[in-house]
Each structure stands twice: as structure tokens, then as C-alpha cells.
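Numbering (our numbering), first residue to last: -11 to 154.
Here is the structure we will look at, set down as C-alpha cells.
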């Protein structure tokens, strides 16, 4: 994705997210009888499922590097020929975070599906609106951050500062 596409998509998602959030705030001000917690559970649901999926997806590169390392090791020892080694990032414990977030999101989703199936169909609207706000605002932050280079460079800068000072 190019920078202009990322910024355009990010701004579009930002407008959709803020518009939906403004609509929800207007419903609360207009006397919506449903508790606000259902909207925030929708936002949490989106965050848990997509954050868990994002962490697991980003670990795909680490899994590929691990597979390549194991394959290279097996090939070198089977043939007796040594190949030049490459530099791969170390594996982290992010898989626990990703799996935990995805499991918590699925549990929350199953909870709301059970509540809705048991007769509370009025909860569909605030939960879906909350999930859409979470997805759209999260998407906008990710796309705009990617376009500006903030996500990639800020993590590297903070990591470099921590490793050189500690």
C-alpha cells in the first residue's frame, strides 16, 4: 500500500469511526434506555479479536523465520554442507498475548451471542456500533501511523534508547 492510499483509507476510517461514535453519543443524550456498557463491550470485542489476530498475524514472520532456520539446520546436517547464516529477529512471547486476546474476544462474543439468542435482540445495535467504532478507529490509527512511518520508527527508536541506556 502506498502512502496516499494509507492516508486516504485512514482518514476515511477515522470519519466513519467518529461519525458512529457521535451517533452513539447522540443516542445516549436522547435518552437511550440501554446501559452504556454494551457499547463499550462492543469496542472491547473488536479490540480483543483484532488485536489478537494482529499479534498472531505479525508472528507469521517469526514463524517463517523459525521454519527457515529449522529447515536450514536439517538440510545442513543431512548434506554436510554449511550455508551462510542470516539474521532473524528473536522469537518473543507475543503468541501468548495474541492467543489470550483472541480467546477472550471469542468468549465475549459467545456471551453476547447467547444473550441475544435468549431474547435480548435490542443489544445487537449497541454492540455492533461499538465493534464498528473499535474497528474503524483502530484501522485509522494503524493506516495513518503506517503512512507516517510512526509505527515502524517509534518502536525502533524507543527500543534503541532502552538498549543503549540499560
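All C-beta atoms in this analysis are idealised placements derived from N, C-alpha and C, irrespective of residue type, glycine included.
Just so you know, these numbers come straight off a predicted model, no measurement behind them.
Cβ pair residue i, residue j closer than 8 Å
i	j	result
residue 36	residue 89	yes
residue 96	residue 5	no
residue -7	residue 128	no
residue 12	residue 28	no
Buried or exposed (CB count within 10 angstroms, at least 16 for buried), residue i
i	result
residue 119	buried
residue 117	buried
residue 99	exposed
residue 34	buried
residue 3	exposed
residue 114	buried
residue 7	exposed
residue 18	exposed
residue 93	buried
residue 107	exposed
Proximal residues to residue i (C-beta, below 7 Å), its chain only, five neighbours per side dropped
i	result
residue 32	96
residue 20	none
residue 38	123 and 126
Supposed close pair residue i, residue j - CB separation, criterion 8 Å
i	j	result
residue 9	residue 87	Rounded, the Cβ-Cβ distance is 29 Å, inconsistent with contact.
Own chain residues within Cβ distance below 8 Å of residue i, not counting five before or after
i	result
residue 16	24
residue 103	111
Close-in-space but distant-in-sequence residues of the same chain around residue i (CB under 6 Å, 5 per side omitted)
i	result
residue 22	114
residue 1	124, 127 and 128
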